[in-house]
Amino acid sequence: MLNNKTILALVVGVIVGFALLAPAPLQRERTTEVQISANLHDLVNHHGPGMMSAHPGQLTLPPALVAMAGDPPATTVSMTMEPSYTPNKALNDDYRCFLLNPKLEEDVFVIGYTVRPEQVALVHHVLLFPIGPESVANAKSVDQAEEGPGWTCFGGPGVAGATGGGLGLGGWVPGVTGTVYPKGTGAYLKAGSQIIMQVHYNLNGSNKNRVAPDASKVELTVTSAKEKLIPLQQYVLAAPPELRCPGPYPSDSNNPCNREYALQHVHNSRTAQFLHSVCGSKPEDYINRDIGQGDAQDTSCTYRVRSDGYALGAANHMHLRGKTLKIELNPNTEKTQTLLFNQDWNFNYQQGLWFDKPIALKAGDTLRITCVYDNSGPIQGPGGDRLEPRYIIWGEGTTDEMCLGGVTWIEAKN
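The following block contains the structure:
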């Protein structure tokens, strides 16, 4: 298995921030079950105000680690969308990315953040993707290539390096007032880093009559990187989706249900191919298997923990065909722990979770991600269009798929 840095180099540009460990109430319009380990708050069937996931500010680290960090001085950096953006009424769901500049003159730790949507009735969720100074020119190029403020984005921001080294800052859904990271920890940002803010505008039904210019704001609470904080890190877990259409596999490479067709119609097919080398699998393993009706096609991959530490939270991401996603520590052993098990995936309600207490990680432990998909029939796309089954591989597009998770952790100090 290749190390985490190698996989980061290939998939970091499409990591979506995972709705990233925001302490958000679950505002759901249908019953959704998220089954998780005993170290997490129960999020089963929560609906309405006050039903919070485990808040990172309440997570208690080992005393020796907290004592090292102290209570650093902090300042607030405010960023606003300029110019404002008017969502596209022609769409039911408008996914738009905007580049925000915190104007960091020195390296900092982000220790908390607040997202303040201006058009609260229209904003379904917000995701924040840090980019290092080396990626800013690329982001500006993507921005300038599309008319109007920002650019269209769905599964991710479409900018290489869009998580500043693999750790997304966070996100917002209705009801969230702000996020504070666990005491003694912070997300490291280099001087010159900027933030890509993805905003999902929900324009269904009567919302089309509410469309107005939006200038949402992000506030970062930062402290100097000279402070003795513990950097938050993330194990990025990815597996290769290989989803067949129901029925016999077609030999015609021009058939949308043939894998060669998928390779020709996805942006950067190399990632789909590379994940097999990471995970020790082959496309033929998926092409030749019995998929039944095609409504429960799975993929998985195992990664090795590189050093002793503590897991603080977990997060998950798929696209529209996802059914379930599970992250396990030391699977198939006497020490097996399920860190996260999302049994009813919904792209519109993807949230990361903080554990109530840290979970010890030892060098050599394993982390496994497993995703299950339904490719048995047509589904509705984000713009309301009908999406027929086709062969689906890893990709950033609406009709592509991902199997992506993350475990936020800190290194153990001697």
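Residue numbers for the sequence shown follow the working numbering, so the first one is 2 and each next one is one higher. We treat Cβ as the ideally placed atom computed from N, Cα and C, and that holds for glycine.
Taking DSSP's pairing of strands, which residues face residue i in a bridge?
i: C98; result: W152 and Q199
i: F348; result: Paired residue(s): none; F348 is not in a bridge.
i: D299; result: V373
i: E397; result: According to DSSP, E397 bridges with nothing at all.
i: H320; result: Bridge partners of H320: none, in fact.
i: D215; result: Y86
i: T409; result: Q235 and G314
i: N328; result: For clarity, residue 328 is Ile in the given sequence; the question names Asn instead. For I328, which the question treats as bridged, DSSP gives the partners L341 and I370.
i: R387; result: Q381
i: C246; result: According to DSSP, which records beta bridges pairwise, C246 is partnered with nothing at all.
i: L230; result: DSSP output for L230 lists no bridge partner at all.
i: S225; result: V109
i: T178; result: DSSP output for T178 lists no bridge partner at all.
i: I360; result: A312
i: R307; result: BP columns for R307 are empty, so no partner.
Can you list, in chain order, the residues of its chain whose CB lies under 6 Å from that of residue i, leaving out five sequence neighbours each side?
i: T77; result: E220 and T222
i: T87; result: P214
i: F99; result: M82, G151 and M198
i: V137; result: Q195
i: G49; result: Confidence at G49 is low in this model, with a pLDDT of 23, below 50, so its placement is unreliable and the value that follows should be read with caution. Here the set comprises nothing.
i: T115; result: G179 and E220
i: P73; result: T224 and E228
i: R117; result: K218
i: E261; result: S254
i: D144; result: L100 and W152
i: A216; result: T81, M82, S85 and E119
i: S79; result: E220
i: A263; result: Y392 and I394
Give the range of the alpha helix (DSSP H) segment to which residue i is assigned.
i: I288; result: P284 to I288
i: A273; result: S270 to C280
i: D366; result: Counting along the chain, D366 falls outside any alpha helix (DSSP H), and DSSP gives it neither H nor E.
i: L204; result: Per DSSP, L204 belongs to no alpha helix (DSSP H) and is neither H nor E.
i: E261; result: R260 to Q265
Which stretch, first to last residue, makes up the beta strand (DSSP E) that contains residue i?
i: V109; result: V109 to R117
i: Y236; result: Q234 to A240
i: S79; result: T76 to T81
i: N343; result: Q338 to N343
i: V143; result: Counting along the chain, V143 falls outside any beta strand (DSSP E), though it belongs to the alpha helix (DSSP H) covering V137 to Q145.
i: T186; result: T186 to L190
i: L129; result: V124 to I132
i: G172; result: G171 to W173
Check each candidate in the options and name the one with the smallest Cα separation from residue i.
i: E412; options: D72, P232 and A316; result: P232
i: S405; options: P332, N331 and N317; result: The question names Ser, but residue 405 is Leu in the sequence shown. Of the candidates P332, N331 and N317, the one whose C-alpha sits nearest the C-alpha of L405 is N317.
i: N89; options: L313, T339, P103 and Y202; result: Y202
i: Y311; options: Q338, K363 and P247; result: K363
i: L340; options: Q234, E107, A188 and L354; result: L354
i: W410; options: R387, E402, K209 and Y236; result: Y236
i: Q338; options: K414, I328 and Q344; result: I328
i: V121; options: P175, G193 and T186; result: P175
i: V285; options: R307, E243, T325 and A315; result: For the sequence presented, residue 285 should be read as Glu rather than Val. For the residues R307, E243, T325 and A315, the minimum Cα distance to E285 belongs to E243.
i: G416; options: V181, P249, T400 and R305; result: Coverage of the chain is limited to positions 2 through 415, which leaves residue 416 absent and any answer about it impossible.
i: G365; options: N102, A188, P247 and R305; result: R305
i: A188; options: E135, V212, V109 and D345; result: V109
i: L388; options: T325, L330, T400 and G396; result: T400
i: G407; options: N349, D345, V267 and M319; result: M319
i: Q265; options: V111, E135, E106 and I394; result: I394
i: L204; options: I380, A273 and V124; result: V124
i: G396; options: S270, E135 and G314; result: S270
i: Y96; options: L238, P379, V200 and Q344; result: V200
i: A75; options: T371, K184 and P251; result: K184
Excluding sequence positions up to five away, which residues of its chain have a Cβ less than 8 Å from the Cβ of residue i?
i: A140; result: L100, I132, P158, V160, A163, Q195 and I197
i: R245; result: C258, Y287, I288, I292, G295, Q298, N376 and Y392
i: G149; result: Y86
i: K283; result: H277
i: P332; result: T303, T367 and R369
i: D253; result: N259
i: E335; result: none
i: G398; result: F155, G156, V267 and H268
i: E106; result: A192
i: K104; result: V78
Enumerate in chain order the residues of its own chain whose CB-to-CB distance from residue i is below 7 Å, with the five nearest sequence positions on each side excluded.
i: N40; result: With a pLDDT of 33 at N40, under the threshold of 50, the modelled position of this residue cannot be trusted; read the value that follows with caution. Excluding residues within five positions, the ones whose Cβ falls inside 7 Å are F356, D357, K358 and I360.
i: K209; result: K90
i: C280; result: A240, P241 and C302
i: Y374; result: P242, L244, Q298, R322, G323, K324 and E402
i: R211; result: A122 and L123
Using a Cβ-Cβ cut-off of 9 Å, state whether residue i counts as contacting chain B.
i: S301; result: Annotation note: the requested chain B is absent from the structure, which comprises a single protein chain.
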